[in-house]
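Worksheet: the structure to be examined is printed underneath.
There are 2 protein chains.
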Amino acid sequence: MIRILIVDDEQPIANLIRMNLSRMGYACTCAYDGQAAADLVERESFDLILLDIMLPKFDGYDLLAFIRPMNIPVIFLTAKSDVNDRVKGLKLGAEDYIVKPFELVELVARIEVVLRRYNKSRTYLSILDIVIDYEGRSVLRNGEKIELTRKEFDLLVVLCQNPNTALFREQLFERIWETDYMGETRTLDSHIQRLRRKLGWQDRIKTVHKVGYRLDVPMDKMPQETKEPV
Amino acid sequence: MIRILIVDDEQPIANLIRMNLSRMGYACTCAYDGQAAADLVERESFDLILLDIMLPKFDGYDLLAFIRPMNIPVIFLTAKSDVNDRVKGLKLGAEDYIVKPFELVELVARIEVVLRRYNKSRTYLSILDIVIDYEGRSVLRNGEKIELTRKEFDLLVVLCQNPNTALFREQLFERIWETDYMGETRTLDSHIQRLRRKLGWQDRIKTVHKVGYRLDVPMDKMPQETKEPV
DNA sequence: AAAGTTGTGTCAGAAATATGACAAAAGGCT
DNA sequence: AGCCTTTTGTCATATTTCTGACACAACTTT
Numbered sequence: 064m065i066r067i068l069i070v071d072d073e074q075p076i077a078n079l080i081r082m083n084l085s086r087m088g089y090a091c092t093c094a095y096d097g098q099a100a101a102d103l104v105e106r107e108s109f110d111l112i113l114l115d116i117m118l119p120k121f122d123g124y125d126l127l128a129f130i131r132p133m134n135i136p137v138i139f140l141t142a143k144s145d146v147n148d149r150v151k152g153l154k155l156g157a158e159d160y161i162v163k164p165f166e167l168v169e170l171v172a173r174i175e176v177v178l179r180r181y182n183k184s185r186t187y188l189s190i191l192d193i194v195i196d197y198e199g200r201s202v203l204r205n206g207e208k209i210e211l212t213r214k215e216f217d218l219l220v221v222l223c224q225n226p227n228t229a230l231f232r233e234q235l236f237e238r239i240w241e242t243d244y245m246g247e248t249r250t251l252d253s254h255i256q257r258l259r260r261k262l263g264w265q266d267r268i269k270t271v272h273k274v275g276y277r278l279d280v281p282m283d284k285m286p287q288e289t290k291e292p293v
Numbered sequence: 064m065i066r067i068l069i070v071d072d073e074q075p076i077a078n079l080i081r082m083n084l085s086r087m088g089y090a091c092t093c094a095y096d097g098q099a100a101a102d103l104v105e106r107e108s109f110d111l112i113l114l115d116i117m118l119p120k121f122d123g124y125d126l127l128a129f130i131r132p133m134n135i136p137v138i139f140l141t142a143k144s145d146v147n148d149r150v151k152g153l154k155l156g157a158e159d160y161i162v163k164p165f166e167l168v169e170l171v172a173r174i175e176v177v178l179r180r181y182n183k184s185r186t187y188l189s190i191l192d193i194v195i196d197y198e199g200r201s202v203l204r205n206g207e208k209i210e211l212t213r214k215e216f217d218l219l220v221v222l223c224q225n226p227n228t229a230l231f232r233e234q235l236f237e238r239i240w241e242t243d244y245m246g247e248t249r250t251l252d253s254h255i256q257r258l259r260r261k262l263g264w265q266d267r268i269k270t271v272h273k274v275g276y277r278l279d280v281p282m283d284k285m286p287q288e289t290k291e292p293v
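Chains as they are written, first to last, in the numbering used here: chain A, 64 to 293; chain B, 64 to 293.
See the structure below:
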């Protein structure tokens, strides 16, 4: 399991990130100031650190310098588009940075790139008869690539990461559209339909009346993380 | 050949390190005080510097500041385990530090990490049907040279270093232009087009709609670092 | 059966990308 | 400096792709 430390003094933000990354299967810990982060880093071992630069006590740069020798990749979160800050951070050894506000899709993609660069893992998710390549944002079946659009891919990922779980429409809207429930339209239905068709999963993706949708997966074909896109 | 400068006023130690690193295939030079080191750095070019902090004449920190603009990675050797010292050095731009006494294995490991971080250790990258020569900034196919401009080359390198990975436009801009996402322009597209044409890679370099681009590479043709332009 | 939900095909607008031509900038050379 | 060449960015236009919406059919639940 990949362990990620999230360092941000704005607790709601840190927690939001944590919730989302947890759902993606990462083990997350939050620290709300530099001192706490430094302590955690000394005691536990992390595979990656998400670091907000503006911090009370000792700031992001100090922490970055402190972390550096441990050779743990750091992606730092920077509020505005201050170029100097970023250059400084990169010089101090950060692997990447992302400007707030950011889309979760992008954050996740970057996390995966950085992890792979560090050979921690490039993971594929194999489930049923397909393999999901997160980084490539593509889907394979018997070595054949199935082309999905962005929304379709995001939707598929959510379903596959929560197999045999009824997901409320509201939840799906939140995660994929990052917005509130769009009650009246048939948008979600349309996407589900497209997914069903492209994957031939009409009876895999079940409708849960008055709730939402559920991906049915037999016990012997539950999702597995693999290193190879088998 | 990787050139390493060893700066330490204790000559026996410097020489011990030199002998060992030489055996590992590094070209080593020793300097026994700050002045000598500064002179050497001015005259010759090094890929990495091992720097003892306690030095006569002018000390390690001064030298570090002096070296900094040259963008040569520095690992410093420190006797004490004082945290402040370390942070000071790291903030001054050192890549890493190692506390004396240290084991040679560890030193070598750290050297390699740092060199890799600086892309100094690799020379050629062969991928698909081409070979990238980093130092010559050129690309070969069947021994034929393909002329690329600077931006094209940079772009190609990023793509090749992240094969099968959907790279966000934003990321590409950051890496190649070192600037923010330039949402409005078609600059990136133009360069992608030129690359596709020059390399005949129109279907290798895939467009990932609403995300960016991805270089598709079959598993058996994944990039390999080589010392020779095979 | 009625009311409420969901499925599905189609479509149009919006957004994103491709592409060629051209202008601007950068670099070389005398 | 001036001139020429190459590189890079921009623009206009064409083309592609995505997405949400709608109408209406089909299905569930009560």
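For glycine and all other residues, C-beta sits at the position ideal for the given N, C-alpha and C. The structure presented is a predicted model; accordingly, all values stated were derived computationally and were not measured.
- R200 (chain A) reaches chain B at A229, V271, V274 and R277, counting residues in chain order whose Cβ is nearer than 8 Å.
- Within chain B, no C-beta atom comes less than 8 Å from the C-beta of T242 (chain A); the nearest is roughly 16 Å away.
- Below the 8 Å Cβ cutoff, chain A contributes D125, A128 and F129 as neighbours of V150 (chain B), in chain order.
- When DSSP reads this structure, R277 (chain A) sits in a beta bridge with A:K269.
- Within chain B, not a single residue places a beta-carbon under 7 Å from that of E288 (chain A); the smallest gap is close to 17 Å.
- Rounded to the nearest whole angstrom, the CA to CA distance from I130 (chain A) to G97 (chain A) is 11 Å.
- The distance from the Cβ of N227 (chain B) to that of E198 (chain A) is about 7 Å, consistent with a contact at the 8 Å cut-off.
- Between the region 71–90 of chain B and the region 264–281 of chain A there are fewer than three inter-stretch CB-CB distances shorter than 8 Å, so the stretches are not counted as touching.
- DSSP places Y124 (chain A) outside any beta strand (DSSP E); the residue lies instead in the alpha helix (DSSP H), whose first and last residues are G123 to I130.
- Secondary structure at L113 (chain B): strand, using DSSP grouped into helix, strand and coil.
- Under the DSSP definition of a beta bridge, K208 (chain A) partners with A:L203.
- Selection A:K290, A:A101, A:L203 and A:H272 evaluated against A229 (chain A) yields A:H272 as nearest (Cα-Cα).
- At a C-beta separation below 7 Å, R106 (chain A) has no neighbours in chain B, since its nearest C-beta there lies roughly 15 Å away.
- Between I116 (chain B) and T92 (chain B), the C-beta spacing is not below 8 Å.
- Collapsing the DSSP output to three states places D96 (chain B) in coil.
- The C-beta of D159 (chain B) comes closer than 8 Å to at least one C-beta of chain A.
- Annotation for R213 (chain B): R200 place their beta carbon closer than 8 Å to its own, counting only its chain and skipping 5 residues before and after.
- For S108 (chain A), the three-state secondary structure derived from DSSP is coil.
- Its Cα nearest to that of M285 (chain A), the residue A:I193 stands out among A:D252, A:P75 and A:I193.
- For N225 (chain B), the nearest CB of chain A lies under 8 Å from its own CB, placing it at the interface with that chain.
- Looking from the CA of R257 (chain A), the closest CA among A:E241, A:F216, A:Q234 and A:I239 belongs to A:F216.
- Residue range T250 to L262 is occupied by the alpha helix (DSSP H) that includes L262 (chain B).
- DSSP places F139 (chain B) inside the beta strand (DSSP E), whose first and last residues are V137 to T141.
- Assignment of beta-bridge partners to C223 (chain B) by DSSP yields no partner.
- Bounds of the beta strand (DSSP E) holding E288 (chain A) are Q287 to T289.
- The bridge partners DSSP lists for Y181 (chain A) come to none.
- For the pair R66 (chain B) and F109 (chain B), the Cα-to-Cα distance works out to about 5 Å.
- Against chain A, a Cβ distance below 9 Å from V176 (chain B) picks out N134.
- DSSP places F216 (chain A) in the helix class (H, G or I) of the three-state scheme.
- Chain order gives the chain B residues near T212 (chain A) as H272 and K273, where near means a beta carbon separation below 9 Å.
- In this structure, B:V177 is the residue among B:E73, B:V177 and B:P164 with its C-alpha nearest to the C-alpha of I112 (chain B).
- By alpha-carbon distance to V220 (chain B), the top candidate from B:L188, B:E241 and B:F165 is B:L188.
- With at least 16 other beta carbons inside 10 angstroms of its own, Q234 (chain B) counts as buried.
- Within the model, the alpha-carbon separation for R179 (chain A) versus I135 (chain A) is close to 13 Å.
- The C-beta distance from L211 (chain B) to H254 (chain B) rounds to 10 Å, too long to meet the 8 Å contact threshold.
- Of the other Cβ atoms in all chains shown, 16 or more fall within 10 Å of the Cβ of K269 (chain B); this residue is therefore buried.
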